[in-house]
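Protein chains in written order, with this note's numbering: chain Z, 213 to 388; chain G, 213 to 388.
For glycine and all other residues, C-beta sits at the position ideal for the given N, C-alpha and C.
Since the model is a prediction, treat every value here as computed from it, not as a measurement.
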DNA sequence: TCATGATATATCATTATGATATATGAAACT
DNA sequence: AGTTTCATATATCATAATGATATATCATGA
């Protein structure tokens, strides 16, 4: 019952906003969803095929140009998407290699641990700046409903990353 | 180069603390690492086999009782673990279905979105209580080095979850 | 004595990743 | 005009990992 092939719904969700090619779907995931989701070509293209066979999306091959394949959602696809959206969430998962390496800090030693914390802190600081920019831009266009939900996820990122930075300070204190 | 089969190092890391059976490894992951890592029997048992063949772990089958197989780390295993621990982190990843469903809130509608936020908030509150208990207990036994690193990861959980709860309030305000 | 749940090992279909291959269009420079 | 370079675009595959399931034993207590 689990293993609902989440990539199905990621694709249907993105197509519910606008028609896209497989390549554009990958870009959207890497840009807008990257804080809380990921997806690879290796799952996107085969899934577009099966979604089309199941009548959840339609494809139109461009006759001119390089003949790129533009997918759009069907009524059936939209229905299945809505059904899934209403179901309770199955899994929220964090998978932080940084924490895994810290946990085994006994083998690594204090210096090594501090190096990982330092690198982590720098990466998070950079990301946080980006998110704050996104949020500022989104606040300007809040009239469109879609942007409100996007902003919600960006704000989640901001709150999280601020907490992570706060933890970095605590961690460095605790270790010294 | 990537795809380093992380489960290898999870197992080696846990065995660097003490000898364990496959079943106990699974339990440790579910108990101590569950905030930032996961692992299934389907990866643990086959990996223990290959780690043994590669001379990274040794097994001892109990002669009495049900003959359970207790694994311990070898010098070679400890060396490979340390090498990996020193390498820069490849990936810290968050995969929150809750945020995915929120992002497509346009299709789901405000009520549905609020329901997901509500459920999320409750789950996080429960988890946070647990983490605060763990932290309090760990603070008492900080003399042991291993506990210090464990505490570090628990504190990460606490800071994160407090931020998530803070975000829940913001989100509910923004939607109403 | 028997039922139940925890312990313990193992396997497999399914999902997804990350790497790679291949090719075209557009822009930039020389 | 020719060519290099990068973004666009589709596709495939070996490998990793999950989640479900099967099977069996031990411990507990009713």
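- DSSP places residue 304 of chain G inside the beta strand (DSSP E), whose first and last residues are 304-308.
- Per DSSP, the unbroken beta strand (DSSP E) holding residue 273 of chain G starts and ends at 269-273.
- Judged by DSSP in its simplified three-state form, residue 232 of chain G adopts strand.
- Cβ neighbours of residue 231 of chain G within its own chain (closer than 7 angstroms, five residues either side excluded): 282, 283, 284.
- In terms of beta-carbon proximity, residue 248 of chain G lines the interface with chain Z, with at least one pair separated by less than 7 angstroms.
- Using a CB distance cut-off of 7 angstroms, residue 304 of chain G counts as an interface residue toward chain Z.
- For residue 252 of chain G, no beta strand (DSSP E) segment is defined, and its DSSP state is neither H nor E.
- For residue 372 of chain G, there is no enclosing beta strand (DSSP E); the residue is found in the alpha helix (DSSP H) stretching over 357-387.
- Contact between residue 324 of chain G and residue 298 of chain Z holds, with the beta-carbon distance rounding to 6 angstroms and staying under 8 angstroms.
- Bridge partners of residue 276 of chain Z according to DSSP: none are assigned.
- Following the DSSP letters along the chain, one finds residue 327 of chain Z inside the alpha helix (DSSP H) bounded by residues 322-352.
- Within chain Z, 314, 315, 316, 317, 318, 325 have C-beta atoms less than 8 angstroms from the C-beta of residue 361 of chain G, given in sequence order.
- Counting along the chain, the unbroken alpha helix (DSSP H) around residue 295 of chain Z starts and ends at 287-298.
- In terms of Cβ geometry, residue 311 of chain Z and residue 248 of chain G form a close pair [threshold 7 angstroms].
- Inter-residue distance for residue 250 of chain Z and residue 366 of chain Z is about 15 angstroms (C-alpha atoms, whole angstroms).
- By the C-beta criterion, the stretch 377-385 of chain Z is judged not to be in contact with the stretch 347-363 of chain Z, since fewer than 3 inter-stretch pairs fall below 8 angstroms.
- In this structure residue 349 of chain G is exposed. Its beta-carbon is surrounded by fewer than 16 other beta-carbon atoms within 10 angstroms.
- If you check each beta-carbon in the stretch 367-385 of chain Z against every beta-carbon of chain G, the ones closer than 8 angstroms belong to 367, 368, 371, 372, 374, 375, 376, 378, 379, 382, 383.
- For residue 272 of chain G, the number of other beta carbons within 10 angstroms of its own is below 16, and it is reported as exposed.
- Close to residue 310 of chain G, with beta-carbon spacing below 7 angstroms, are these residues of chain Z in chain order: 301, 304.
- Shortest Cα-Cα distance from residue 332 of chain Z to any of G/303, G/333, G/346 involves G/303.
- The beta-bridge partner set that DSSP reports for residue 257 of chain Z is empty.
- Looking at the DSSP output, residue 281 of chain Z bridges to Z/273.
- In the structure shown, residue 266 of chain G falls within a coil segment according to DSSP collapsed to helix, strand and coil.
- Its chain contains no residue whose beta carbon lies nearer than 8 angstroms to that of residue 341 of chain Z once the 5 sequence neighbours on both sides are disregarded.
- By the neighbour-count criterion, in which 16 or more other beta carbons inside 10 Å mark a residue as buried, residue 259 of chain G falls on the buried side.
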